[in-house]
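Position one of the sequence shown corresponds to residue 101 (my numbering), numbered consecutively onward.
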Amino acid sequence: MMLDEDDDCPELVPIDTQPGPPVGQIPVTIITGYLGAGKTTLLNYILTEQHNKRIAVILNEFGEGSALEKSLAVSQAGELYEEWLELRNGCLCCSVKDNGLKAIENLMEKKGKFDYILLETTGLADPGAVASMFWVDAELGSDIYLDGIVTVIDAKYGLQQLAEEKADGLVNEAARQIAVADLTIINKTDLVTEEELKEVKDTVRSINGLVKIIETQRSRVDLSEVLDLHSFDSKDGANLAEKLQLVKPTRAHLDKSILTVTFEIAGDLSEDALNAFIQDLLWEKIFCNKEGQPMSVIRLKGIVSFADKGHQVMLQGVHELYELNETQQLWEENPRINRLVFIGRNLDKDILQEKFVSTVLLGSEKN
Ligand SMILES: Nc1nc2c(ncn2[C@@H]2O[C@H](COP(=O)(O)OP(=O)(O)OP(=O)(O)O)[C@@H](O)[C@H]2O)c(=O)[nH]1
Ligand SMILES: [Zn+2]
101 MMLDEDDDCP
111 ELVPIDTQPG
121 PPVGQIPVTI
131 ITGYLGAGKT
141 TLLNYILTEQ
151 HNKRIAVILN
161 EFGEGSALEK
171 SLAVSQAGEL
181 YEEWLELRNG
191 CLCCSVKDNG
201 LKAIENLMEK
211 KGKFDYILLE
221 TTGLADPGAV
231 ASMFWVDAEL
241 GSDIYLDGIV
251 TVIDAKYGLQ
261 QLAEEKADGL
271 VNEAARQIAV
281 ADLTIINKTD
291 LVTEEELKEV
301 KDTVRSINGL
311 VKIIETQRSR
321 VDLSEVLDLH
331 SFDSKDGANL
341 AEKLQLVKPT
351 RAHLDKSILT
361 VTFEIAGDLS
371 EDALNAFIQD
381 LLWEKIFCNK
391 EGQPMSVIRL
401 KGIVSFADKG
411 HQVMLQGVHE
421 LYELNETQQL
431 WEENPRINRL
441 VFIGRNLDKD
451 ILQEKFVSTV
461 LLGSEKN
């Protein structure tokens, strides 16, 4: 895990080269989505479904209504603390005000009582920032791992929310939530026509060329589609390689600025040069598009080849953090093709690819 030193200066941790999902750690899935999209409905549904997991759910909720919200309590000093509610099926639930990290820390003291954590963010949260907190919080890092980011979208109001103009330089939160997602759930399909639904789908796809899209009413999903996605670990090395081949670059659609860019380059890369390239892109933000606007990456994925490694290496990035992990997948006789997918703002494929080839690829002019 690597981190921009400009932030709170947490310790830099060496890149983890263990293949496969973390052993003995508890998965966390972040449930995000714009105000009222159906996040709490999804969590309530998951809590009441039949499954063999003991799930701990952290709700970000202030509204009235759900009985689950009673777990939110205010101490005499006025600060909020959470109380865990144990449900009949063995699940745990609590409701919090902030980003939920504290609640997870408290929850970890109840280790053994649950085996999965679902965290709802507020509708306006930047899930990328929440996700990256798990990577930096060393204390939590050994106990939990981020399994995936699920974004719930309102089929009826989603397009309107995506079209909301933000002040200069700010990204529309709804678009950012889609950009960072591993899975999107287009909910409230009962409220729209086929054509309206298709437009929402096309728009989601135009922002994120990688994401899986499912449609629901009342957030009723097959649990296996939401849990254990392994979006960030290298267990899925082979799957990711296949998936990346299918990614189509997208064209700016509603939110004019966020889109997906992808390219394939055959050959081996210099590991140092790749780190420098990613850091220039994510931290220094020195790359600009043809209009001179700085490129800003929200999500990054890739499979890359290093000359001295027989295994494929997976690249994962969210926000300003990224990881390179060796997968269990050998290149063997497969041609060594680096595949990269960038989701973000002001991205220009030609400029990115040119820079990548001239600085990161071994055997090109500079190397
Ligand atoms: N018609 C319709 N209404 C739905 C559906 N799913 C959820 N709702 C309603 O939409 C409202 C908002 O749902 P929530 O689950 O609270 O949404 P949320 O994303 O948690 O909302 P916030 O936490 O306030 O951002 C509730 O009144 C739900 O009953 C659906 O598929 N169709
Ligand atoms: Zn909610």
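Built from N, CA and C at the ideal position, the CB exists for glycine as well.
The model shown is predicted, which means the values in this text are computed figures rather than measured ones.
Distances from the CB of Asp290 to the heavy atoms of ligand 1 include at least one below 8 angstroms.
For the pair Ala263 and Asn272, the Cα-to-Cα distance works out to about 8 angstroms.
In this structure, Lys213 and Leu192 form a Cβ contact; the two beta carbons are roughly 7 angstroms apart against a cut-off of 8 angstroms.
Relative to the non-hydrogen atoms of ligand 2, the Cβ of Leu218 never comes closer than 8 angstroms to any of them. Shortest gap from the CB of Gly223 to any heavy atom of ligand 2: under 8 angstroms. As computed with DSSP, Phe214 is found in no beta bridge at all. Here the alpha carbon of Glu371 sits roughly 30 angstroms from the alpha carbon of Asp328.
Here the segment 313-322 does not lie against the segment 399-412, with fewer than 3 beta-carbon pairs under 8 angstroms apart.
Partner residues in the beta bridge of Ala156, as assigned by DSSP, are Leu192 and Ile217.
Counting C-beta pairs with one atom in each stretch, the segment 277-284 and the segment 304-313 have three or more that are closer than 8 angstroms, which means they touch. Inside the segment 279-359, DSSP marks whole alpha helix (DSSP H) runs of 4 or more residues at positions 294-307, 323-326 and 337-346, from first to last along the chain. Judged by their CB atoms, Gly228 and His419 are nearer to each other than the 9 angstroms cut-off.
For Tyr134, no pairing in a beta bridge is given by DSSP. Here the C-alpha atom of Lys153 lies approximately 28 angstroms from the C-alpha atom of Lys343. Cα atoms of Thr251 and Asn425: separation of roughly 25 angstroms, rounded to the nearest angstrom. Linking Asp302 to Thr132 through their CA atoms gives a straight-line distance of about 20 angstroms.
Counting along the chain, Leu374 sits inside the alpha helix (DSSP H) bounded by residues Glu371 to Gln379. In terms of CA proximity to Tyr257, Leu135 leads the group Lys385, Thr427, Gly392 and Leu135. Excluding the 5 residues flanking it on each side, Tyr422 has same chain C-beta neighbours closer than 7 angstroms at Met102, Ile378, Leu382, Leu400, Leu415 and Gln416, in chain order. Here Pro227 carries a helix assignment [DSSP, helix/strand/coil].
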